[in-house]
Structure formats: structure tokens, C-alpha cells
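In my numbering, the protein residues as written are 94 to 421.
The structure is reproduced here in C-alpha cells:
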């Protein structure tokens with residue numbers, strides 16, 4: 094197995110764009126498929142903030158999206174999708190049941206947000222939060238090679254007691270299946286093992302991509318030792334949380350299959366963060382299919398393999414995002 098850029102954009106048909114408000118210490122990341130892409134979603138956190146996720150249910154009308162938004166800003170950040178919708182609509186992209194003259198299309202742009210309002214940035218924006226403009230700017234900047242770390246939706250993130258960030262990773266199988274992940278890591282839990290610099294997900298690291306830290310072989314961990322989480326079991330409840338992510342493949346999937354991919358990929362967060370999916374986390378994982386190649390038979394086994402690779406890529410992306418942000 095190998096990867097080209099070791100980013101989600103190794104999946105053919107995807108580009109990524111970031112935009113930040115450095116003063117407010119917040120930002121937006123846009124995932125942009127070159128053509129409408131099938132999308133599924135899995136929400137495990139107890140406090141999610143999302144847009145258009147109900148539309149992704151397999152039984153509903155919409156079967157593909159035009160873009161996906163990951164944003165800081167809590168509820169204010171959902172406005173980033175408005176900027177993306179406006180720009181895509183002006184470009185003539187979006188859903189409609191039939192062609193009617195002078196009737197604009199309706200771009201389908203799901204979104205998820207993380208809470209970075211209490212991170213020290215200046216949030217005195219009054220009635221004009223920056224997210225509408227940040228959404229448009231991020232869409233303008235989509236590219237295959239994009240920055241990791243304290244950028245985009247991850248610029249104001251915290252990973253437990255460490256600086257969080259934007260991470261990505263990819264995998265290409267020997268027969269050419271591409272799988273990738275992108276994540277903004279703003280978790281309540283810790284990404285490192287107690288008393289060490291080693292990531293929980295260190296066995297999944299490839300080619301030193303997250304610094305190559307390793308734990309002492311004699312290390313054991315008590316169930317109530319959360320290490321560098323935002324609080325320990327006896328401390329105050331953390332509220333500045335949520336990890337939001339997207340995994341993708343170039344294999345053609347149905348909406349139901351994409352949802353299963355998202356569900357399996359959520360295991361990657363559990364491998365990389367402890368504790369995870371807490372009542373005050375809003376953890377959300379989307380899954381995209383760009384459909385550049387058919388689903389190989391036996392289909393259920395192929396979906397299982399893609400879901401397992403997506404979980405590994407997501408765990409690696411968590412490590413890479415935090416590692417890339419540590420010196421920012």
C-alpha cells in the first residue's frame with residue numbers, strides 16, 4: 094500500500110480549501126468534489142452541530158452533495174455553508190428535479206462545526222460573524238496539496254491539553270483503491286498516552302508521519318487515567334470540544350454504503366482519542382464516494398475493507414493534525 098500526497102486528495106476527484114480569521118482564531122475548511130458525490134454521515138458525539146445531515150439519509154431524495162464544510166465557530170460557523178452555497182449557486186451547480194428557466198439550482202452543502210469560541214481569539218464580531226466570507230474564501234482556494242496543522246477549521250482547535258489542528262492521511266491498495274481522511278481535531282479527550290509523547294494510535298503511524306513517538310513497553314494505563322484530556326474524571330466538565338471529519342474513497346458507493354463507511358470510520362477516532370464521543374463532544378464523520386471506479390465483488394467484503402482502511406486513515410489523520418500544529 095502507498096500514498097502520493099498522504100492527504101485525502103489522493104482520492105481522485107477531491108480538492109480542499111482553507112480560510113482563516115487569524116484575529117478571531119477560527120477558520121473554515123471546504124471539501125470540494127469535482128462532481129456531485131454520494132455522502133453518508135455518522136454522528137457519535139452527544140452535542141453535534143450540523144447542517145443538512147438529515148438530507149443524507151439513504152431513504153431521502155438527495156443522493157449526492159456539491160461540497161462539504163468543516164468549520165470552527167460553534168453555531169456561528171454553520172454560516173460558512175451559506176457562503177459556499179451562494180458561490181456554487183452562482184456557478185450553476187446544485188440539485189434540481191427538472192430544468193426550468195430562470196430557476197436557480199440548490200447546492201447541497203452539509204456542514205459540521207466545532208467549538209472554538211473560548212480559545213482566546215477575538216470574537217467581538219457583533220452581527221457579522223466572519224464565516225459566510227470564510228466559506229467563500231475557502232472554496233476559492235481549493236487545491237490538491239493543502240496545509241496541515243493550525244489551519245482552516247483547525248486553527249483554533251485544542252486536542253485535550255495540546256494544540257489541536259487539521260490533519261489528513263491516505264492509503265492506496267495494491268489494486269488501486271484509494272481511501273483518505275481529513276479531520277479537525279478539537280477533542281475533549283487526550284490523543285497521547287498518559288505521561289508520554291506517544292499517540293494512542295501510534296501503531297498505525299506510517300513513515301514517521303507523526304513524529305515516530307513510541308511508549309515504554311512496560312506502560313500500563315488505569316481506566317480512570319485520561320492523561321492529557323481537558324479534564325480528568327474528578328475535574329470540571331470540558332465544553333470546548335468536538336472532532337469533525339470526512340473520509341473518502343474513489344469506489345462507487347450507494348448512500349447506504351457510504352453511511353456504513355462513515356460508521357466504520359468512526360472507529361478511527363476511538364483508536365486515536367481517549368475518551369471520545371462524550372456527551373459534550375459533537376463528533377461527526379462524513380464519508381464521500383467520488384465513484385471513479387466500480388465497487389468490486391464481493392461487494393460486502395470490499396465495503397468492509399474500505400471501512401477498515403478509512404478508520405485507519407482517520408486515526409492517522411488525528412495524529413498528523415496534532416503533530417503538525419504543535420509548533421504553531
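Backbone N, C-alpha and C define an ideal beta-carbon position, used for all residues, glycine too. Everything numeric in this text was worked out from a predicted model, so none of it was measured.
| Query | Result |
| --- | --- |
| Segment limits, beta strand (DSSP E) that includes residue 265 | 258-265 |
| Limits of the unbroken beta strand (DSSP E) element including residue 163 | 161-164 |
| Own chain residues within Cβ distance below 6 Å of residue 370, not counting five before or after | 137, 138, 376 |
| Other residues of its chain near residue 180: CB distance less than 7 Å, five sequence neighbours each side excluded | 229, 232 |
| Residues that DSSP places opposite residue 120 in a beta bridge | 113 |
| 8 Å Cβ cutoff met for residue 104 and residue 284 | no |
| Complete runs of the beta strand (DSSP E) confined to the segment 176-241 [at least 3 residues] | 204-206 |
| Top-ranked residue by Cα proximity to residue 361, from 346, 320, 295, 224 | 295 |
| Outcome for residue 260 when other beta-carbon atoms lying within 10 angstroms are tallied against a minimum of 16 | buried |
| Of the listed residues 379, 418, 396, nearest to residue 145 (C-alpha basis) | 379 |
| Under the three-state DSSP convention, the category residue 125 falls into | strand |
| For residue 97, the three-state DSSP class (helix, strand or coil) | coil |
| Boundaries (first-last residue) of the beta strand (DSSP E) holding residue 382 | 377-386 |
| In DSSP terms, what residue 292 is bridged to | 285 |
| 8 Å Cβ shell around residue 168 - same chain, five flanking residues per side excluded | 142, 206 |
| Rounded C-alpha distance that separates residue 200 from residue 164 | 18 Å |
| Alpha carbon of residue 262 to alpha carbon of residue 341, nearest angstrom | 11 Å |
| Cross-strand partners of residue 255 (DSSP beta bridge) | 252 |
| The segment 151-163 / the segment 124-136 touching (three or more Cβ pairs under 8 Å) | yes |
| Nearest residue (CA-CA) to residue 222, options 121, 148, 198, 373 | 121 |
| Extent of the continuous alpha helix (DSSP H) to which residue 410 belongs | 392-418 |
| Local Cβ density within 10 Å of residue 153, reported as buried at 16 or more and exposed below that | exposed |
| Option nearest residue 274 by Cα separation, candidates 394, 175, 357, 173 | 357 |
| Inter-residue CB distance, residue 355 and residue 411 (contact presumed, cutoff 8 Å) | Not really, about 16 Å apart at Cβ, beyond 8 Å. |
| Segment limits, beta strand (DSSP E) that includes residue 273 | 271-278 |
| Residues sharing a beta bridge with residue 341, DSSP | 273, 381 |
| Which listed residue (333, 415, 107, 405) has its alpha carbon closest to that of residue 373 | 333 |
| Among 193, 184, 211, 109, nearest to residue 117 - alpha-carbon criterion | 211 |
| Supposed close pair residue 418, residue 256 - CB separation, criterion 8 Å | 5 Å |
| Reduced DSSP secondary structure (H/G/I, E/B, other) of residue 335 | coil |
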